[in-house]
Amino acid sequence: MAQTRSNVLLIVTDQQQAAAIGAVDDSFETPNIDRLVASGTQFTGCHSTCPQCSPSRSSLFTGRYPHQNGMRTLPEWGPGPLDTRNPSVARAFRDAGYRTTYIGKWHLGETDLGEYGWETAENVHETSNPPAGFPTDERTCERAVSALSSHDDDAPFFVTVSFNLPHPPFVTDTEFAERFDRDTTPLPESFTDDLAGKPSFQRERANDEECALDEDAVREIGYQYRTMVARIDDHVGRILDALERSGLGEETVVAFTSDHGDMQGAHRLNKKGVIAYDEILRVPLVLRIPDRTSKRDRIPDLVSNRTIPATLLDAAGVDAPPAFDAESVLDAFGRRSPPDDERVFFEHRYAYWGEHPYRGVRTARWKFVEYWWDRPNELYDVTHDPHEMTNLAADPDHAETVTRLQREVKRWWDETGGDEEQWLRPVAGP
């Protein structure tokens, strides 16, 4: 019997900024991702629930915040594998009659992926960086091309392809090196931030001998990062070409995203940590849905990556199980502007920079970050200060805004089952 529902292809990268797409920033070259943008819809306001690999991935596949699904930090630092009792987007597709395949980086523990609903798992590695000699992204791309080329169309598929790049260590991909000029790689607008009036651990990190960055260092990592993103784009192109050759392109929902971004020298900070700047919190999200057009090619509405599971199910015409808390964002396709009450919530427990747990909210105008132990908190007027240079949290003129957003964060936390004692349990750390 021929299939009647759309296939679904989800492509995930690791540590790719929302801006690291040529269609957004022309200092990057991503012709293949750009053609997906041109034929689909780009959500430019997509945020990760947590700017760290495993917690974000846990939301991407369960539709739940990390404090709900138990993935407070990396599994090897304390939480262990993702609890199989959580809802799973793969399980939902499998139960609806889909063939489910996972290819590439997992990083949610060593539990058999079949426990989460993936019938086939290939080239999977569970840790932050693969073991020495492990054939990662090239093999992942090859397996993805093979899976799409050999699909038997008696049932629809849900294929997830997860790449390791552009996750550090940053290196120059020599095949793409000549496309970019190291000396003219742009510096982030916030590179001059002195971090005054912000939590002291940020200044300590920026000035630490091991991590301090000068202009040359920032241009170097920016140059390397661009070559690595170009490599990812090449993989994406090969996968999209295979999908078209299979004849299934017009029957397949395609989604492209990343788990979190990278600081790339913004605010004089590198890589990632327990911070909430846009460079690591915002992620790309591109959707191409057969026979579905949007009133806007680029949708700036604030959305969370925890909505992706329900959105993919909705796009494919599959009912989301009641266990999925997050709702699909496809209603944004019919709107000409964001809703007045738009907001996303986010959190972070622990990373390489130590114990600085926070929770926060982003609205159309404000970003508020509330730390458990560090002070000051952070408040940015992102309408007038898009690069988050001036912390207004201690400004008496904005005390009412701080109080209101604190209440919003506390209400969200309580309504989503936040347990402070459980959240703040000690973690093992690196």
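Using the UniProt record's numbering, the letters of the sequence shown correspond one by one to residues 1 to 430.
Backbone N, C-alpha and C define an ideal beta-carbon position, used for all residues, glycine too.
Anticipated Cβ contact below 8 Å, residue i with residue j, distance rounded
{"i": "Gly261", "j": "Gln16", "result": "7 Å"}
{"i": "Trp77", "j": "Val344", "result": "Incorrect: roughly 25 Å between the Cβ atoms, too far for contact."}
{"i": "Glu370", "j": "Val409", "result": "6 Å"}
{"i": "Pro66", "j": "Cys50", "result": "5 Å"}
{"i": "Val145", "j": "Ala242", "result": "4 Å"}
{"i": "Ala92", "j": "Ala394", "result": "Actually they do not touch by this definition, with Cβ atoms about 45 Å apart."}
{"i": "Arg94", "j": "Gly109", "result": "The pair is not a contact, with the Cβ atoms about 20 Å apart (cut-off 8 Å)."}
{"i": "Arg99", "j": "Ala155", "result": "5 Å"}
{"i": "residue 443", "j": "Arg282", "result": "Missing from the structure shown is residue 443; the chain here goes from 1 to 430 and no further."}
When the options are compared against residue i, the one with the closest alpha-carbon
{"i": "Gly197", "options": "Val409, Leu379, Ser54, Ala177", "result": "Leu379"}
{"i": "Thr184", "options": "Leu148, Arg219, Asp194", "result": "Arg219"}
{"i": "Val161", "options": "Cys141, Phe61, Pro66, Asp173", "result": "Cys141"}
{"i": "Ala323", "options": "Arg72, Thr62, Asn377, Val329", "result": "Thr62"}
{"i": "Pro199", "options": "Val171, Asp137, Tyr358", "result": "Tyr358"}
{"i": "Glu138", "options": "Phe163, Ser258, Ala242", "result": "Phe163"}
DSSP state of residue i mapped onto helix, strand, coil
{"i": "Trp366", "result": "strand"}
{"i": "Gly249", "result": "helix"}
{"i": "Tyr116", "result": "helix"}
{"i": "Glu378", "result": "strand"}
{"i": "Phe170", "result": "coil"}
{"i": "Cys211", "result": "coil"}
{"i": "Thr140", "result": "helix"}
{"i": "His398", "result": "helix"}
{"i": "Ser146", "result": "helix"}
{"i": "His387", "result": "coil"}
{"i": "Glu204", "result": "helix"}
{"i": "Asp68", "result": "Reading the sequence as shown, one finds Gln at residue 68 and not Asp. Three-state result, Gln68: helix."}
{"i": "Tyr358", "result": "strand"}
Inter-residue spacing [alpha-carbon to alpha-carbon] between residue i and residue j
{"i": "Gly354", "j": "Ile275", "result": "11 Å"}
{"i": "Asp297", "j": "Ser39", "result": "9 Å"}
{"i": "Phe43", "j": "Val24", "result": "12 Å"}
{"i": "Ala2", "j": "Ile289", "result": "Bear in mind that the predicted position of Ala2 carries a pLDDT of just 48, short of 50, making it too unreliable to give a figure here."}
{"i": "Ser27", "j": "Gly265", "result": "16 Å"}
{"i": "Arg5", "j": "Ala96", "result": "10 Å"}
{"i": "Ala326", "j": "Arg226", "result": "33 Å"}
{"i": "His356", "j": "Glu189", "result": "25 Å"}
{"i": "Gly222", "j": "Pro81", "result": "33 Å"}
{"i": "Arg205", "j": "Arg362", "result": "24 Å"}
{"i": "Ser58", "j": "Tyr102", "result": "15 Å"}
{"i": "Phe176", "j": "Ala230", "result": "7 Å"}
{"i": "Arg292", "j": "Ala315", "result": "9 Å"}
{"i": "Arg306", "j": "Pro386", "result": "24 Å"}
{"i": "residue 436", "j": "Asn270", "result": "Because the chain is modelled from 1 through 430, residue 436 falls outside the range shown and cannot be assessed."}
{"i": "Val8", "j": "Pro309", "result": "11 Å"}
{"i": "Trp423", "j": "Asp414", "result": "13 Å"}
{"i": "Ile21", "j": "Asp233", "result": "9 Å"}
{"i": "Ser304", "j": "Ile239", "result": "26 Å"}
{"i": "Arg203", "j": "Glu347", "result": "21 Å"}
{"i": "Thr311", "j": "Thr192", "result": "39 Å"}
{"i": "Cys211", "j": "Ala217", "result": "10 Å"}
Residue i classed as buried or exposed, judged by whether at least 16 other C-beta atoms fall within 10 angstroms
{"i": "Asp194", "result": "exposed"}
{"i": "Asp374", "result": "buried"}
{"i": "Gly247", "result": "exposed"}
{"i": "Trp372", "result": "exposed"}
{"i": "Arg268", "result": "buried"}
{"i": "Tyr277", "result": "buried"}
{"i": "Glu420", "result": "exposed"}
{"i": "Arg336", "result": "exposed"}
{"i": "Pro186", "result": "exposed"}
Cutoff 8 Å: residue i Cβ touching any chain B Cβ
{"i": "Glu420", "result": "Structure shown: chain B not included; a single protein chain is present."}
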